[in-house]
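> Numbered per the numbering used here, the sequence shown spans residues 829 to 1096.
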Amino acid sequence: MGSSYDAQRNEFCAYVLHESETPYGLLLGNYKTYAQSTAKGGVRGLWDADTDQIIFGTHHIAYRIGDRTFFPHEIERDLTFLPYAQISEFTLEHRVHVTEAFYVPHGSSFDRAVCFVIDVTLFNPGAAESEVSLYPWAMLVGQRFYGEPEHQVRAWNDGRFICSKNLETGGERWWGGSRAPAAVELSLREQVLLEAMRRGTLSKESEAQTFGDVTPQQAELVSRRIFGAFKYRISVAPGARESLRLAVVYHKEGTERSRPVLEALLHD
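1) Ends of the beta strand (DSSP E) at glutamine 914?
2) Identify the continuous alpha helix (DSSP H) that holds alanine 1092 and give its terminal residues.
3) Go to arginine 982, then tell me how far its alpha helix (DSSP H) extends in each direction, as first and last residue.
4) Flag this pair as yes or no: are the beta carbons of arginine 905 and glycine 869 separated by less than 8 Å?
5) Using 8 Å as the Cβ pair cut-off and three pairs as the minimum, do the segment 890 to 899 and the segment 851 to 860 touch?
6) Between asparagine 994 and proline 933, what straight-line distance do the alpha-carbon atoms span, to the nearest angstrom?
7) Within its chain, find whatever has a CB closer than 6 Å to the CB of alanine 955; leave out the 5 residues flanking it on each side and keep chain order.
8) Have a look at His925, Trp875, Glu996 and flag the residue whose alpha-carbon is nearest the alpha-carbon of phenylalanine 944.
9) What three-state label does DSSP hand leucine 1016 in the structure shown?
10) Closer than 6 Å by C-beta to glutamate 1070: which residues in its own chain qualify, once you throw out the five before and the five after it? Chain order, please.
11) So, proline 964 versus alanine 1057, is the Cβ gap smaller than 8 Å?
12) For tyrosine 1078, count neighbouring Cβ atoms within 10 angstroms of its own Cβ and tell me buried if that reaches 16, exposed if not.
13) If we count the other Cβ atoms within 10 Å of its Cβ and call it buried at 16 or more, is glycine 935 buried or exposed?
14) Taking all protein chains shown into account, decide if threonine 927 is buried (16 or more other Cβ within 10 angstroms of its Cβ) or exposed.
15) Give me, in chain order, the residues of the same chain whose beta-carbon lies closer than 6 Å to that of alanine 877; leave out the 5 immediate sequence neighbours on both sides.
16) Determine the DSSP secondary structure at histidine 934, reduced to helix, strand or coil.
17) Measuring alpha carbon to alpha carbon, tell me which residue in Val948, Asp947, Tyr931 is nearest alanine 941.
18) Once you ignore the five residues that flank glutamine 980 on each side, which residues in its own chain have a CB closer than 7 Å to its CB?
19) Counting C-beta neighbours from all protein chains within 10 Å, is the total for alanine 1036 16 or more, i.e. buried, or is it exposed?
20) Please classify leucine 1074: does DSSP put it in a helix, a strand, or coil?
21) Name the one or two DSSP bridge partners that asparagine 952 has.
22) Which residues in the same chain have their Cβ closer than 7 Å to the Cβ of proline 911, if we skip the five residues on either side of it in sequence?
23) With a threshold of 16 other CB atoms inside 10 Å of the CB of tyrosine 843, please say whether the residue is buried or exposed.
Given below as structure tokens:
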């Protein structure tokens, strides 16, 4: 599939290339933060200027159509690098075109917010309805120093969003999407979530190794790593487009300064 985003006519400064032509994604930021993307559409981490730390771990999206789940390493994509965004494009099973737009918000409301956004658009060019499940997953713990996960982190979900809080500093990360998820899960082991996504069994009925709440004491058992995942189920009518916005917001002062920003971004 060629790039459908016409960068040459709509942008003065853009690079359009296949993922095989670059090992890197864009590094984007605002006054308070930066986030590093990858050529596979993932996000390596979110950095906070006030604490000088990576405060959110890796973020990826898998897709399921029919009876198969596609993880990022199984997808080949075309990339458009803009000064303010990275656009990824690919097709699932020759049936649904997917566009992912990764960026760090600017403007008077968000230019000092520690956050990033991924806008996902699904386009169905066929004659029959297609149902796609999206599985964003991430490591919910930041790094105090290079390679060392931060201490004393508790994570939980409220049915719509996931929050991970540093109990020592009070800083909170809120993560979620613009649609209601079909399922939200937390786990001490990434592989548990990956296997559930591969089988299409991530659901509201938690398995033995998934949680609604993870304490620092539980996280200590696995080198203080905590992972979370969502499932969003989207039906795309013939010739129609559907969208999902995902966002992560952090603030060192907790819920009152982080969750409202997340909700504002998702409805912007």
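Just so it is clear, CB atoms sit at the ideal spot from N, CA and C, and this is done for glycine as well. The structure displayed is predicted, hence computed values, not measured ones.
To lay it out plainly:
1) Stepping through the sequence shown from its first residue, residue 914 is reached at position 86. Glutamine 914 -> beta strand (DSSP E) spans 914 to 920.
2) By 1-based counting over the sequence shown, the position of residue 1092 is 264. Where alanine 1092 is concerned, the enclosing alpha helix (DSSP H) stretches over 1083 to 1094.
3) Residue mapping note: residue 982 aligns to position 154 of the sequence shown, counting from 1. Unbroken run through arginine 982 is the beta strand (DSSP E), 981 to 985; no alpha helix (DSSP H).
4) Residue 905 sits at position 77 when you count from the first residue of the sequence shown. Residue 869 sits at position 41 when you count from the first residue of the sequence shown. Taking 8 Å as the Cβ cut-off, arginine 905 and glycine 869 qualify as a contacting pair.
5) With fewer than three CB-CB distances shorter than 8 Å, the segment 890 to 899 does not count as touching the segment 851 to 860.
6) Sequence index remark: in the sequence shown, residue 994 carries index 166 (1-based). Sequence index remark: in the sequence shown, residue 933 carries index 105 (1-based). Roughly 24 Å between the two C-alpha positions.
7) Reading the sequence shown from its first residue, position 127 is the one you call residue 955. If we look at alanine 955 and ignore the five residues flanking it on each side, its Cβ neighbours are Pro1066.
8) Stepping through the sequence shown from its first residue, residue 944 is reached at position 116. Here the closest residue by C-alpha is Trp875.
9) As a first step, residue 1016 is located in the sequence shown; it is residue number 188 there, counting from the start. Reduced to three states, the DSSP call for leucine 1016 is coil.
10) Residue mapping note: residue 1070 aligns to position 242 of the sequence shown, counting from 1. Excluding sequence neighbours, glutamate 1070 sits near Leu950, Ile1062, Val1064.
11) The sequence position of residue 964 within the sequence shown is 136, counting from 1. The sequence position of residue 1057 within the sequence shown is 229, counting from 1. Cβ atoms of proline 964 and alanine 1057: closer than 8 Å.
12) Counting from 1 along the sequence shown, the entry for residue 1078 is found at position 250. Answer is buried; the Cβ neighbour count reaches 16.
13) In the sequence shown, the residue the question calls residue 935 occupies position 107. Counting Cβ neighbours within 10 Å, glycine 935 comes out exposed, since fewer than 16 surround it.
14) As a working mapping, residue 927 is identified with position 99 in the sequence shown. By the neighbour-count rule (16 or more Cβ atoms within 10 Å), threonine 927 is buried.
15) Counting from one through the sequence shown, the residue named residue 877 turns up at place 49. Within the same chain, alanine 877 has close Cβ partners Lys860.
16) By 1-based counting over the sequence shown, the position of residue 934 is 106. Three-state DSSP puts histidine 934 in coil, outside helix and strand.
17) In the sequence shown, the residue the question calls residue 941 occupies position 113. Residue Tyr931 is the option with its Cα nearest to alanine 941.
18) The residue labelled residue 980 in the question sits at position 152 within the sequence shown. These residues qualify, in order along the chain: Asn994, Leu995, Glu996, Pro1044.
19) Here the question's residue 1036 lines up with position 208 in the sequence shown. Bear in mind that a pLDDT of 43 at alanine 1036, under 50, signals an unreliable position, so the number given afterwards is only what the model happens to contain. The residue is exposed, with fewer than 16 neighbouring Cβ atoms inside 10 Å.
20) Translated into the one-based positions of the sequence shown, residue 1074 becomes position 246. If DSSP states are grouped into helix, strand and coil, leucine 1074 belongs with the strands.
21) Taking the sequence shown and counting its residues from 1, one reaches residue 952 at position 124. Per DSSP, none; premise fails for asparagine 952.
22) Position 83 of the sequence shown holds residue 911. Closer than 7 Å at Cβ, skipping near neighbours: Cys841.
23) Counting from 1 along the sequence shown, the entry for residue 843 is found at position 15. When all chains shown are included, tyrosine 843 counts as exposed.
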